[in-house]
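Student:
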Amino acid sequence: MHARLAVQGFTGEPDWNVIRQVKEAVSVPVIGNGDVVTPQDAARMFTETGCDGVMIGRGALGRPWVFKQVAHYLRTGEMLPEPTPIERMEMTLMHARLTLEHTRFREAVAVRELRGQLTKYHFGVPGAAALREKLVHINTMADLEAILLPALDAQREWEAK
Ligand SMILES: Cc1cc2nc3c(=O)[nH]c(=O)nc-3n(C[C@H](O)[C@H](O)[C@H](O)COP(=O)(O)O)c2cc1C
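Sequential numbering from -18 applies to the sequence shown in our numbering.
1) Tell me whether Arg1 is buried or exposed, calling it buried when 16 or more other Cβ atoms sit within 10 Å of its Cβ.
2) Leaving out five residues before and five after Val18 in sequence, what residues of the same chain have Cβ atoms less than 7 Å from its Cβ?
3) Using 8 Å as the cut-off, classify the Cβ of Pro(-5) as near or not near the heavy atoms of ligand 1, replying yes or no.
4) Ligand 1 and Arg39: does the residue's C-beta get closer than 8 Å to at least one heavy atom of that ligand?
5) Quick one: residues in its chain with C-beta nearer than 6 Å to the C-beta of Gly43, no 5 flanking neighbours on either side, listed in chain order?
6) Are there 16 or more other CB atoms within 10 angstroms of the CB of Thr73, so buried, or fewer, so exposed?
7) Tell me the start and end of each unbroken alpha helix (DSSP H) in the segment 12 to 82 that is at least 4 residues and wholly inside, in chain order.
8) Name the two residues that bound the continuous alpha helix (DSSP H) containing Pro131.
9) Hey, quick one: how far does the alpha helix (DSSP H) through Lys115 stretch, first residue to last?
10) Please look up how many angstroms separate the CB atoms of Glu88 and Thr121, rounded, as I've assumed it's under 8 Å.
11) At a cut-off of 8 Å, would you count Gly15 as near ligand 1, judging by its Cβ distance to the nearest heavy atom?
12) Please return the same chain residues whose Cβ sits closer than 6 Å to the Cβ of Met93, not counting the five positions on each side in sequence.
13) Out of Glu63, Pro131, Ala141, which one is the CA nearest neighbour of Gly105?
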């Protein structure tokens, strides 16, 4: 249940009260959705609406680890640390590899589709903006590796100093 009207697009606040009203009215499980970005948002969605599950859309773009952070926070009340730059770059490569492993599209089509998602990662390294600019033009997994593997090596070397 995404508590916005289609005409609103992503503008304006979603009305979580509507999710609570739906939850009170139906007997099937209700998944609450809309503007959940942090683990605290997810916790608030559960308490304010009584929903059975929370769905995260935009908050997971470039941040797929958010699900682990949310699960950990709901279980323990503790915030897991944000991933390191190295972990972020490794995650970006894994994201692309897993997509290519499972997609029914050929590589060129899938990688072009991936561009918009991979550019959502914030690596937190010097020159990250230039890396992102290069990611906009990739056509193959090899293109992606040619950009990210040297950056990963450079970061590992820098951290080893
Ligand atoms: C990349 C992306 C793709 C989406 N695709 C669909 C879709 O195919 N069908 C749909 O009903 N909603 C789609 N949505 C909307 C989400 O399901 C969700 O309702 C919306 O993003 C609001 O949640 P959020 O605030 O967590 O992003 C998409 C959202 C994003 C960010």
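Glycine is no exception: its CB is placed at the ideal position from the N, C-alpha and C atoms. For clarity, every value in this text was computed on a predicted model and none was experimentally measured.
Tutor: Taking the coordinates as given:
1) buried
2) Gly40
3) yes
4) yes
5) Lys101, Tyr102
6) buried
7) 20 to 30, 47 to 57
8) 122 to 141
9) 109 to 116
10) 6 Å
11) yes
12) According to the sequence displayed, residue 93 carries Arg and not Met. Once the five neighbours on either side are set aside, Arg93 has no close Cβ partner at all.
13) Glu63
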